[in-house]
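Enquirer: The sequence shown begins at 1 in full-length UniProt numbering and counts up by one.
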Amino acid sequence: MIVEEAPAKLNLALHVRARRADGYHELETLFAFVDFGDTVRVAPAAQASLIITGPFGAALSDEGDNLVTRAATRFRERFGGGEYAIELEKHLPVASGIGGGSADAAATLRALARLHGIALDDPALFGIADALGSDVPVCLLGRTAIGRGRGEQLEPVPGRPGTPALLVNPGVAVSTAEVFRRWDGVDRGELGSNPLEGRNDLEAPAITVAPVIAEVLHILSEQCGAMLSRMSGSGATCFALFDTEVERGAAHIALRRTGWWSVATTLR
Numbered sequence: 001m002i003v004e005e006a007p008a009k010l011n012l013a014l015h016v017r018a019r020r021a022d023g024y025h026e027l028e029t030l031f032a033f034v035d036f037g038d039t040v041r042v043a044p045a046a047q048a049s050l051i052i053t054g055p056f057g058a059a060l061s062d063e064g065d066n067l068v069t070r071a072a073t074r075f076r077e078r079f080g081g082g083e084y085a086i087e088l089e090k091h092l093p094v095a096s097g098i099g100g101g102s103a104d105a106a107a108t109l110r111a112l113a114r115l116h117g118i119a120l121d122d123p124a125l126f127g128i129a130d131a132l133g134s135d136v137p138v139c140l141l142g143r144t145a146i147g148r149g150r151g152e153q154l155e156p157v158p159g160r161p162g163t164p165a166l167l168v169n170p171g172v173a174v175s176t177a178e179v180f181r182r183w184d185g186v187d188r189g190e191l192g193s194n195p196l197e198g199r200n201d202l203e204a205p206a207i208t209v210a211p212v213i214a215e216v217l218h219i220l221s222e223q224c225g226a227m228l229s230r231m232s233g234s235g236a237t238c239f240a241l242f243d244t245e246v247e248r249g250a251a252h253i254a255l256r257r258t259g260w261w262s263v264a265t266t267l268r
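Below, the structure written as structure tokens:
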């Protein structure tokens with residue numbers, strides 16, 4: 001059995017530059033990852049199977065086909081191999097803007113590549129990832145990077161490993177398509193080198209879909225030591241980065257009183 005972690009993805013900044021003719025949007029985003037996420041276990045089997053466990057497993061229990069099974073199918077079509085028994089241990093909220101499904105698909109591809117002795121930087125592996133979804137390539141890369149195009153054109157950059165982070169989700173699932181549909185189409189400028197000077201252009205439209213996001217962001221911004229508070233992706237998960245673990249811990253205690261899902265972690 002191969003065990004692969006599927007860490008949550010954060011968009012430290014997300015600039016939407018334009019709508020494209022193909023229905024996607026031109027993006028500039030700074031991706032980062034944290035030391036918390038799902039776990040994928042893969043083993044060769046006589047018959048294909050997928051078991052979903054974990055705190056958020058029930059949210060996917062009715063899905064007969066998802067990004068994990070699609071990743072396994074695409075891998076087999078490209079590289080060969082047999083059937084696999086896969087377990088997805090789901091710790092990340094579903095439809096929450098932190099790349100849960102994309103991270104799971106990427107972890108599945110990494111596990112299968114390890115089973116078959118395929119290099120993790122094989123271009124064909126990244127081709128499969130790109131076909132599965134815009135965030136799957138960076139989740140396969142698994143490190144801090146600037147994403148352009150749909151987010152699949154990646155430029156690795158130095159990260160800030162060890163930075164204390166707090167993730168908060170108010171328990172609402174937000175449709176990515178609906179949030180992008182409500183974007184006002186205004187290009188507010190390119191992504192700079194400092195994420196603190198960036199923004200998430202999807203925050204405003206996401207708040208129109210789920211107003212509670214504004215409340216989460218307000219509470220996070222008021223926490224002592226929070227140097228950056230922002231929504232990730234299309235929401236509804238928000239995050240704050242802190243100067244110290246002590247300040248993050250105090251904020252975590254304060255946010256627990258809301259009853260929202262939250263996790264204290266660090267950047268990878």
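Beta carbons are placed, not taken as given, at the ideal position from N, Cα and C, and that holds for glycine.
Note that the structure is a prediction, hence the values are computed from the model and not measured.
What number of angstroms, rounded off, separates the C-alpha of leucine 202 from the C-alpha of asparagine 169?
Expert: Translated into positions along the sequence shown, residue 202 becomes position 202. Translated into positions along the sequence shown, residue 169 becomes position 169. Distance between the alpha carbons of leucine 202 and asparagine 169 is about 16 Å.
Enquirer: Check whether the Cβ atoms of leucine 167 and phenylalanine 239 lie closer than 8 Å to each other.
Expert: In the sequence shown, counting from the first residue as 1, residue 167 sits at position 167. In the sequence shown, counting from the first residue as 1, residue 239 sits at position 239. It is a contact, given that the beta carbons lie within the stated cut-off.
Enquirer: How big is the Cα-Cα spacing for alanine 8 and leucine 241?
Expert: Residue numbering aside, residue 8 sits at position 8 when the sequence shown is read from its first letter. Residue numbering aside, residue 241 sits at position 241 when the sequence shown is read from its first letter. If I take the Cα positions, the gap works out to 15 Å.
Enquirer: I'd like to know if the stretch 131-140 and the stretch 99-107 are in contact, where contact means that at least 3 CB-CB pairs between them fall below 8 Å.
Expert: yes
Enquirer: With a CB to CB cut of under 6 Å and the five nearest residues on each side skipped, what residues in its chain are close to isoleucine 207?
Expert: Mapped onto the sequence shown, residue 207 falls at position 207. Taken in chain order, the residues that qualify are Ile213, Ala214.
Enquirer: So which of Ala59, Phe180, Arg41, Tyr24 has the shortest CA-CA distance to glycine 233?
Expert: Position 233 of the sequence shown, counting from 1, holds the residue named residue 233. The shortest Cα separation from glycine 233 among Ala59, Phe180, Arg41, Tyr24 belongs to Phe180.
Enquirer: Are the CB atoms of aspartate 38 and leucine 88 within a distance shorter than 8 Å?
Expert: Indexing the sequence shown from 1 puts residue 88 at position 88. Indexing the sequence shown from 1 puts residue 38 at position 38. Yes. Within cutoff.
Enquirer: In whole angstroms, what separates the C-alpha of leucine 30 from that of leucine 14?
Expert: If you number the sequence shown from 1, residue 30 lands on position 30. If you number the sequence shown from 1, residue 14 lands on position 14. When rounded, the distance between both Cα atoms is 7 Å.
Enquirer: For a test of the three-state rule: what should DSSP assign to isoleucine 118, helix, strand or coil?
Expert: Here residue 118 refers to the residue found at position 118 of the sequence shown. Note: isoleucine 118 maps to coil in three-state DSSP.
Enquirer: Using beta-carbon positions only, say whether glutamate 4 and alanine 119 come within less than 8 Å of one another.
Expert: The count along the sequence shown starts at 1 and reaches residue 4 at position 4. The count along the sequence shown starts at 1 and reaches residue 119 at position 119. It is not a contact, given that the beta carbons lie outside the stated cut-off.
Enquirer: So, helix, strand or coil for alanine 210, using DSSP?
Expert: The count along the sequence shown starts at 1 and reaches residue 210 at position 210. Coil, per DSSP.
Enquirer: Could you check what DSSP says for alanine 219 in three-state terms: helix, strand or coil?
Expert: Numbered from its first residue, the sequence shown carries residue 219 at position 219. Before going on, a small fix: residue 219 reads as isoleucine here, not alanine. Residue state, collapsed to three classes: helix.
Enquirer: Along the beta strand (DSSP E) that carries isoleucine 128, what are the first and last residues, could you check?
Expert: Residue mapping note: residue 128 aligns to position 128 of the sequence shown, counting from 1. Not the beta strand (DSSP E): isoleucine 128 falls in the alpha helix (DSSP H), residues 123-132.
Enquirer: Determine the direct distance from the alpha carbon of alanine 236 to that of alanine 173, and round the result to whole angstroms.
Expert: Translated into the one-based positions of the sequence shown, residue 173 becomes position 173. Translated into the one-based positions of the sequence shown, residue 236 becomes position 236. Distance between the alpha carbons of alanine 173 and alanine 236 is about 7 Å.
Enquirer: State whether the stretch 107-116 contacts the stretch 76-86, with contact taken as three or more CB pairs (one from each stretch) at a distance under 8 Å.
Expert: yes
Enquirer: Which value, in whole angstroms, describes the spacing of the CA atoms of serine 229 and leucine 141?
Expert: The residue given as residue 229 occupies position 229 in the sequence shown. The residue given as residue 141 occupies position 141 in the sequence shown. Rounded to the nearest angstrom, the two C-alpha atoms are 25 Å apart.
Enquirer: Name the two residues that bound the continuous beta strand (DSSP E) containing histidine 15.
Expert: For the purposes of this step, residue 15 is taken as the residue at position 15 of the sequence shown. Counting along the chain, the beta strand (DSSP E) containing histidine 15 begins and ends at 2-19.
Enquirer: Suppose you measure from the CA of proline 211 to the CA of aspartate 65; what does that come to, to the nearest Å?
Expert: Translated into the one-based positions of the sequence shown, residue 211 becomes position 211. Translated into the one-based positions of the sequence shown, residue 65 becomes position 65. C-alpha separation (whole angstroms): 31 Å.
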